[in-house]
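For the sequence shown, this note's numbering gives the first residue as 8, with consecutive numbering after it.
All C-beta atoms in this analysis are idealised placements derived from N, C-alpha and C, irrespective of residue type, glycine included.
Below: one structure, written as structure tokens.
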Amino acid sequence: MADQKQEQPMQAATSIDAIDKRNLDWFLDKGVQVLIFIGGISAIIFVLGIFVFITKEGFDFVLSRFDLAEFFTSPNWRPTSSANPTYGALALIVGTASVTGTAMIVAIPFSLGAAIYIGEFATGKTREALKILVELLAAIPSVVWGFIGLSIMNALIIDLFNVPIGLNIFNAGVILGLMAAPIMTTIAEDALKAVPDEYRAAAEAMGATRWQVIRKVVLPAAKNGLVAAVLLGVGRGFGETMAVLMATGHSVQIPDSIFDSVRALTATIAAELGETAVGSDHYGALFTLGIFLFIVTFLINLTADLVVRGIKKK
Numbered sequence: 008m009a010d011q012k013q014e015q016p017m018q019a020a021t022s023i024d025a026i027d028k029r030n031l032d033w034f035l036d037k038g039v040q041v042l043i044f045i046g047g048i049s050a051i052i053f054v055l056g057i058f059v060f061i062t063k064e065g066f067d068f069v070l071s072r073f074d075l076a077e078f079f080t081s082p083n084w085r086p087t088s089s090a091n092p093t094y095g096a097l098a099l100i101v102g103t104a105s106v107t108g109t110a111m112i113v114a115i116p117f118s119l120g121a122a123i124y125i126g127e128f129a130t131g132k133t134r135e136a137l138k139i140l141v142e143l144l145a146a147i148p149s150v151v152w153g154f155i156g157l158s159i160m161n162a163l164i165i166d167l168f169n170v171p172i173g174l175n176i177f178n179a180g181v182i183l184g185l186m187a188a189p190i191m192t193t194i195a196e197d198a199l200k201a202v203p204d205e206y207r208a209a210a211e212a213m214g215a216t217r218w219q220v221i222r223k224v225v226l227p228a229a230k231n232g233l234v235a236a237v238l239l240g241v242g243r244g245f246g247e248t249m250a251v252l253m254a255t256g257h258s259v260q261i262p263d264s265i266f267d268s269v270r271a272l273t274a275t276i277a278a279e280l281g282e283t284a285v286g287s288d289h290y291g292a293l294f295t296l297g298i299f300l301f302i303v304t305f306l307i308n309l310t311a312d313l314v315v316r317g318i319k320k321k
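What follows is the structure, encoded as structure tokens:
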């Protein structure tokens, strides 16, 4: 009887400890859930906050001074003119589009080729080393890329193509293409890996060569993911600032060739905002450019996300 009386308090203490442990685990689980929820929702809050901020700063200009026809059809960007200030963004839009288009011509073959080799041909340590090198390429700061375009590519383009200045669309396009390539390579490789191995095995069983399997089976099956990779690369190029500012020549004009200097939207905001009076028309016009940039990049990324969601549903 004495032993039973001693066991009862011990069992009670054990059950209390078990209850306390379950309660602690429950609180920890809920705490982690709350932290994850805050981390996820914070991205949405930050994006909305940025949009609200740039819209608020440019709202007065849009209501009072903004001319839609002038903004999208006039190449004359003269916001500091005392006699007749004009806010035509056509040359800036064309400059941004030309640099981004040249960058995609450079980046798409490089990225898809690298993704195909890493995903379909490389094995073991070779694959891991290449993936690490691609990630290191993405870690290079944009100002370093801009310095390469300013100091190395500038002289190289002048010597090779016999042009008066090497700070132009071609220079910025090559630099921007190399900057956009890592993210495009990573996403393209993920799209190729998502293709079931049964597709490859079935094609090989029918006598297809390795390249025929890739060209006629893997690439068509992964096309939506590859399109998403390209779109994200376009968004990356469209929103780049420092490298474009340093490598384009920063000249407001509609280009006639890839060796002409241009000015991008992002570079215009970066170069002029610090010297503009807060609340002036020039200040509002720069934030209007920011609103336009935000909408374009948002639509590009939204399209890429919808394409990726289409892959998952399939």
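Integer Cβ distance of residue i from residue j, believed to fall under 8 Å
i, j, result
"I265", "L199", "The pair is not a contact, with the Cβ atoms about 31 Å apart (cut-off 8 Å)."
"I307", "L238", "6 Å"
"G180", "V113", "6 Å"
Residue closest to residue i, alpha-carbon to alpha-carbon, out of the options
i, options, result
"I125", "G102, R270, E211, D197", "D197"
"E64", "A292, Q219, P203, V314", "A292"
"A96", "F305, T295, D312, L306", "T295"
"L185", "T248, F117, D312, S158", "F117"
"P203", "P227, H257, E135", "P227"
"A195", "K230, R217, Y206", "K230"
"A104", "I261, A162, K138, M160", "I261"
"M191", "L75, G242, L174, E211", "G242"
"W152", "I139, V69, A278, M249", "M249"
"A121", "F305, L280, A236", "A236"
"S88", "G297, S287, R207", "S287"
Between the CA atoms of residue j and residue i - distance to the nearest angstrom
i, j, result
"T109", "I51", "32 Å"
"V150", "N169", "26 Å"
"R316", "E282", "43 Å"
"Q11", "K37", "The predicted model places Q11 with a pLDDT of 49, which falls under 50 and marks its position as unreliable; any figure quoted below should be read in that light. The straight-line gap from Cα to Cα measures roughly 39 Å."
"A9", "L42", "With a pLDDT of 45 at A9, under the threshold of 50, the modelled position of this residue cannot be trusted, and the question is left open."
"A90", "A284", "18 Å"
"I221", "M213", "14 Å"
"A187", "V141", "11 Å"
"A76", "V69", "13 Å"
"M160", "N178", "6 Å"
"T80", "F299", "15 Å"
"A111", "D166", "For the sequence presented, residue 111 should be read as Met rather than Ala. Cα to Cα, M111 sits roughly 24 Å from D166."
"T304", "N30", "46 Å"
"W84", "T255", "17 Å"
"K138", "I164", "30 Å"
"T193", "S158", "29 Å"
"Y94", "L119", "39 Å"
"K132", "P189", "19 Å"
"W218", "T130", "16 Å"
Under 9 Å between C-beta atoms of residue i and residue j
i, j, result
"G156", "I172", "no"
"V101", "P86", "no"
"L144", "V259", "no"
"I176", "V106", "yes"
"H289", "R270", "no"
"M253", "F128", "no"
"I61", "F245", "no"
"E247", "T273", "yes"
"V224", "A201", "no"
Exposed unless 16 or more other CB atoms sit within 10 angstroms - verdict on residue i
i, result
"T275", "buried"
"W33", "exposed"
"V39", "exposed"
"I267", "The displayed chain sequence assigns Asp, not Ile, to residue 267. Classification for D267: buried."
"A146", "exposed"
"V314", "buried"
"E205", "exposed"
"A311", "buried"
"V54", "exposed"
"F78", "buried"
"I115", "buried"
"G240", "buried"
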